[in-house]
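If you're matching them up, the sequences are chains A and B in order. Numbering-wise, UniProt numbering puts 30 at position 30 of the first sequence, and it's gapless, one number per residue. Numbering-wise, UniProt numbering puts 208 at position 208 of the second sequence, and it's gapless, one number per residue. To start, the structure under review is shown below, and the notes come after it.
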Amino acid sequence: MDAVRLRRGLVTFSFLAPALLGIGIFFLYPLLSAIYFSFTKFDLLSVPQWVGLDNYRHMADDPFLLQAVRNTLWMVVVFVPVRILGAIGLAMLLVRFKRGAGVFRTIYYLPALVPPVAATIAFVYLLKPGTGPVNHLLEMIGVDGPLWFNSPAWAKPSLVLLGLWAIGDLMIIFLAAVLGVPESLYEAASLDGANAWHRFRSITLPSIRPVILFAAVTGVIYTLQYFDQAAVAGSIASGQATVGAGISQSFGYPEGSTFTYPLWLYTIGFRYSALGYANALAIALFVVALAVTVILLRRAKAFSGEES
Amino acid sequence: MTLALDRPLTAAVERRRIRLAWIARHSIAIALAVMFVTPVVYLVLLSLMTSDQALTSDYWPNTWHPENYLKVFEATPLPHYLLNTVLYAGTATALTLLSSVPAAYALAKLKFRGRNALFLVVICVMMLPPQVVTVPLYLMWARYGLTGSLAPLIIPALFGDAFCIFLLRQFLLTIPSEYLDAARVDGCGEWRTLLRVVLPMARPGIAAAGLFQFFYCWNDYYGPLLYTSENESSWTLSLGLASFRTVHHVDWNLVTAATVLAMAPLIIIFFFAQRAFVQGITLTGFKG
C-alpha cells in the first residue's frame, strides 16, 4: 500500500520537477536575494554592505522616483480603463455581426501582433509634428495638431494611442465572454421591453464582470512593468541611442514625461550600478503589484457576494 | 380599424430601423478597420519611397523603390538578427512546451497534496513584473559568464514558464477525465496516458500556448536589451530594429522597410495559425 503511494508520489513529482526547479531558481531565489540586496549598498564591484532601511528611506527624497511614480500612475489611471472600455466597445460592435465578423476580427487583431518596437517606431513617424501624416490630416480639416511624442503634455496620450491600436487581444477575450452570454436572457429581456442599452447594463455587463476583473488585474500589472514602448518612443523621438550604454540617456523624453517606474529601475540598476537601491525599487514594485491584485480580487468577491 | 392600419406601418418602421442600424454598424466597423490598417499600409508605402520623399508628408511614392528592402540587408546584419531571433524564439518555445506540459497536466489532472497551493504560486510567478527579479538574475548569469549571449533567455525555458503552465492547465481541465480513467484501467501509467491520450487531444491548446510563447519571445525587447546589448553578435530583431533608427536617422524609408520585415513573419504565421491562436486567447479570458 505504502509502496504504491510512494510510486504515485514519485510519478507526480516527475511531472512537476522542472517547474518546481524553475520556480525555485527563477522566482524564489531571485525574489529572496532581491529582498536581501534591498537592505544593502551594492555596486557589482564591491561586497554588498548592510545599510538597513536606508534604500527605502532614500525613496522618499528621490525627485526622479516621484516623477516616475507619477507617470506610471497616470498610465494606470488612464490607460487601463481606456483599454478595457475600448475592447468592450469593439466586442459589442463585432458581436452584432453575422457575416464578415471574421474579417473585422482579424483586422482589429493584427496590430496586437506587431512587435512593440516596430509599432512604436511606426507611431513616432505617423505622429511626427512637422511632416507626420496624422498632423497633415488634422491640418486639412483645420486643426492644429499637437507635437505628440515631442510634447511633454502629449507624449503619454501618444503612448495610450499606440496601446489602443494593439487592443486586439483584449477585444477577443471580451468577444468570447459576450458570445458566452445565453441568448435566452436577451430574449426574455426584449419581451419585457428592454432596449439595447438596458440589455447591456443589466445582462451583458454583469455576465462579463469576471472578465473585466481579469482585464483590470492583468492591465494594472502590465502597466506597472511598462518598458518597451516608453523606452523606444523616448529614444526614437529624441534621436538618441536605443541600445547599449547610452540608452538610458533618452529615457523619459521629452522632459521626463514618458519616464516610467521600470525605466527608473533600469537606469538605477544598469546605468548607475546602484544595485541595492534598484532592488529596493523592485521590491516596492512587487508589493504594489501584489497589493493591487489582492485588492481587486477581494472587491470582486464582495461584488459577487452582494449579488447572491 | 385603426389597429389593422397600424400594424403594417410599425412593421415598416421597424424594418427601416433595422436597416439603419445595419448601415450604422457597418460604417463604424469599416471606419475602425481603416484606422487599424492605415498605419501598416502607410509604413509599406513609405518603405518604397526615396529617402528624400520619406521626409515629406506624401502618402504615395513618386517612384517605387522595392530595392529599399535589399538595402536594409546591406545596411544591417538583418539575417544575423533574424537567425538569433529564430534561435531564441524557436528553442525557447520548444523547451517551454516540453517542460510546461507535464506540469500543467499534473496541476489539472493529478491529485496530490498542495496542488492548489502550487497553482497559486504559479499565478504569483505569472503576476511578477520581470523587473523585480532582474538584478539577482543578471548577477547570476554574469557569475557564469553568460551575459552577452542568448543563454540567459533560452535556458530558463528548460524549467517551464508560468503563463504557459497556466494556459495549458486551463485547456487540460476541459478534457473529460473519463478518457484518462479509461487509459488507466487499460494499464497505462501516467506518462503513457499523457503521451498517448492527453497530448493528441490537447493539440489545439498546446499550439495556442506555443504560439503565445513564440510571439512573446519574437517581440521581446527587455530580455535581449538586458542580456545581449553589449554584444552585437547576439542581438535579436527587436534590438537591431531599435538601433537601426539611430544609425540611419534620416533614411525613414529604410527604417520602415526594416520594420515591415520584422512584422511580416508574425503576420504570416498568424494567418496560418489563426484558429489556434484565437482559441488560446479566448481560454485565458474565460477561465482567468
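By construction, the Cβ of each residue, glycine as well, lies at the ideal position given by its N, Cα and C atoms. All figures in this text were calculated on a predicted structure; none of them were measured in a lab.
Who are the near neighbours of residue i in its chain, counting only those whose CB is closer than 7 Å to its CB and skipping five residues on each side?
i: B/N219; result: S238
i: A/E306; result: Note on A/E306: pLDDT 43, under 50, position unreliable in the model; no value is reported.
i: B/A104; result: I165, L168, R169 and L172
i: A/Y186; result: R199 and I203
i: residue 289 of chain B; result: Because chain B here runs from 1 to 288, residue 289 of chain B falls outside it and cannot be looked at.
i: B/G288; result: Any reading at B/G288 must be qualified, since the residue scores a pLDDT of 35, below 50, and its modelled position is unreliable; the value itself is stated next. So the list is empty, once near-sequence residues are dropped.
i: A/V181; result: I203, T204 and S207
i: B/F286; result: Because the pLDDT at B/F286 is just 46, under 50, the model does not fix this residue reliably, and the value given afterwards should be weighed accordingly. There are no such residues.
i: A/V211; result: I173, F174 and A177
i: B/T85; result: W218, T236 and L237
i: A/G234; result: S250, F251, G252, Y253 and T258
i: B/Y222; result: P130
i: B/V101; result: L168 and I206
Among residues of its own chain, excluding the 5 on either side of residue i, which ones have a beta-carbon nearer than 8 Å to its beta-carbon?
i: A/V51; result: F39, T40, K41 and G276
i: B/L97; result: C164, I206, A209, G210 and Q213
i: B/R15; result: none
i: A/T223; result: T72, M75, V76, F79 and V80
Please list the partners that residue i has in chain B, where partner means a Cβ-to-Cβ separation under 8 Å.
i: A/V80; result: In chain order: nothing, as chain B lies at least about 15 Å away.
i: A/N71; result: Result: empty, since nearest Cβ-Cβ is about 15 Å, beyond 8 Å.
i: A/H136; result: S57
i: A/I221; result: M127 and P129
i: A/N279; result: V135 and P136
Throw me the rounded Cβ distance for the residue i and residue j pair, which I believe falls under 8 Å.
i: B/A162; j: B/M126; result: 4 Å
i: A/A34; j: B/V122; result: With 8 Å as the limit, A/A34 and B/V122 do not qualify as a contact, their Cβ atoms being about 19 Å apart.
i: B/Y59; j: B/Y42; result: 7 Å
i: B/G57; j: A/P81; result: At residue 57 of chain B the sequence reads Ser, which differs from the Gly that was named. Between A/P81 and B/S57 the Cβ distance is about 34 Å, and since that is not below 8 Å, they are no contact.
i: A/I208; j: B/I281; result: Not really, about 15 Å apart at Cβ, beyond 8 Å.
i: B/L261; j: B/Y69; result: 7 Å
i: A/A300; j: A/I221; result: Not a contact, Cβ separation roughly 15 Å.
i: A/S273; j: A/L44; result: 5 Å
Using the beta-carbon of each residue, which ones in chain B are nearer than 7 Å to residue i?
i: A/D228; result: Y221 and Y222
i: A/S33; result: P136
i: A/D169; result: I281
i: A/P63; result: The premise fails here: A/P63 is roughly 20 Å from chain B at the closest Cβ pair, so nothing lies under 7 Å.
i: A/R96; result: R25
i: A/T260; result: Under the 7 Å cutoff, chain B gives no residues; its nearest Cβ is about 10 Å from A/T260.
Starting from the C-beta of residue i, find all residues in its chain whose C-beta is less than 6 Å away, skip the five residues before and the five after it, and write them out in chain order.
i: A/T72; result: T260 and Y261
i: B/M1; result: No answer about B/M1 holds up, because its pLDDT of 44 lies below 50 and its placement is not dependable.
i: A/G142; result: none
i: residue 395 of chain A; result: In the structure as shown, chain A starts at 1 and stops at 308, and residue 395 of chain A therefore has no counterpart that could be examined.
i: A/A166; result: P111 and A112
i: B/M49; result: P61 and N253
i: A/W148; result: L127, W154 and S158
So which residues on chain A does residue i lean against when the C-beta distance must stay under 8 Å?
i: B/Y227; result: What B/Y227 touches in chain A: nothing, since even the nearest Cβ is about 11 Å away.
i: B/S99; result: P18, A19 and G22
i: B/A108; result: Neighbours of B/A108 on chain A: none; closest Cβ ~11 Å, over 8 Å.
i: B/F166; result: None at all; the shortest Cβ gap to chain A is about 11 Å.
i: B/A262; result: P115, V117 and A118
Say yes only if the C-beta of residue i is nearer than 7 Å to one or more non-hydrogen atoms of the ligand ATP, and no if none qualify.
i: A/L21; result: Only the bare structure without any ligand can be found here, which leaves the ligand ATP out of the picture.
Mind listing the chain B neighbours of residue i? Cutoff is C-beta to C-beta under 9 Å, in chain order.
i: A/Y272; result: Under the 9 Å cutoff, chain B gives no residues; its nearest Cβ is about 12 Å from A/Y272.
What in chain A is Cβ-close to residue i, meaning under 7 Å?
i: B/R16; result: Within chain A, no residue comes near B/R16; the closest Cβ sits about 17 Å away, beyond 7 Å.
i: B/G160; result: P18, A19 and G22
i: B/T259; result: A118, I121 and A122
i: B/V121; result: I23
i: B/V255; result: I121
i: B/V37; result: I107
i: B/Y42; result: L126 and P133
Could you name the residues of chain A that residue i contacts, counting a contact when the two beta carbons are closer than 9 Å?
i: B/S51; result: The contacting residues do not exist; B/S51 stays about 13 Å from chain A at best.
i: B/W64; result: Those within 9 Å of B/W64 in chain A number zero; the least Cβ separation is about 19 Å.
i: B/Q170; result: Simply none; closest approach about 12 Å.
Count the CB pairs spanning the segment 183 to 194 of chain B and the segment 2 to 17 of chain A that are closer than 8 Å, and state whether there are at least three. yes
Alpha helix (DSSP H) runs contained entirely in the segment 164 to 220 of chain B, provided each spans 4 or more residues: 177 to 185, 190 to 193 and 203 to 219
Any contact between the segment 245 to 260 of chain A and the segment 151 to 160 of chain A? By contact I mean 3 or more CB pairs, one from each, below 8 Å. yes
Given 8 Å, three or more beta-carbon pairs between the segment 124 to 134 of chain A and the segment 265 to 274 of chain B: no
On the three-pair Cβ rule with 8 Å, is the segment 177 to 193 of chain B touching the segment 226 to 235 of chain B? no
Report the start-end ranges of each alpha helix (DSSP H) in the segment 208 to 259 of chain A that is 4 residues or longer and not cut off at the edges. 209 to 224 and 228 to 238
Should the segment 198 to 212 of chain B be called in touch with the segment 155 to 173 of chain B, which here means at least 3 C-beta pairs below 8 Å? yes
Residue ranges of each alpha helix (DSSP H) run of no fewer than 4 residues wholly in the segment 33 to 100 of chain B, ordered along the chain? 51 to 54 and 68 to 75
Residue ranges of each alpha helix (DSSP H) run of no fewer than 4 residues wholly in the segment 19 to 48 of chain A, ordered along the chain? 29 to 37
For the segment 95 to 126 of chain A, which segments carrying the beta strand (DSSP E) assignment without a break, of at least 3 residues, lie completely within its bounds, in sequence order? none
Alpha helix (DSSP H) segments (min. 4 residues) lying fully within the segment 131 to 212 of chain A: 133 to 140, 155 to 165, 168 to 179, 183 to 191 and 196 to 199
Can you confirm whether the segment 264 to 284 of chain A touches the segment 59 to 74 of chain A when touching is taken to mean that 3 or more C-beta pairs between the two stretches lie within less than 8 Å? yes
Cβ contact (3+ pairs, closer than 8 Å) linking the segment 21 to 30 of chain B and the segment 94 to 110 of chain A: yes
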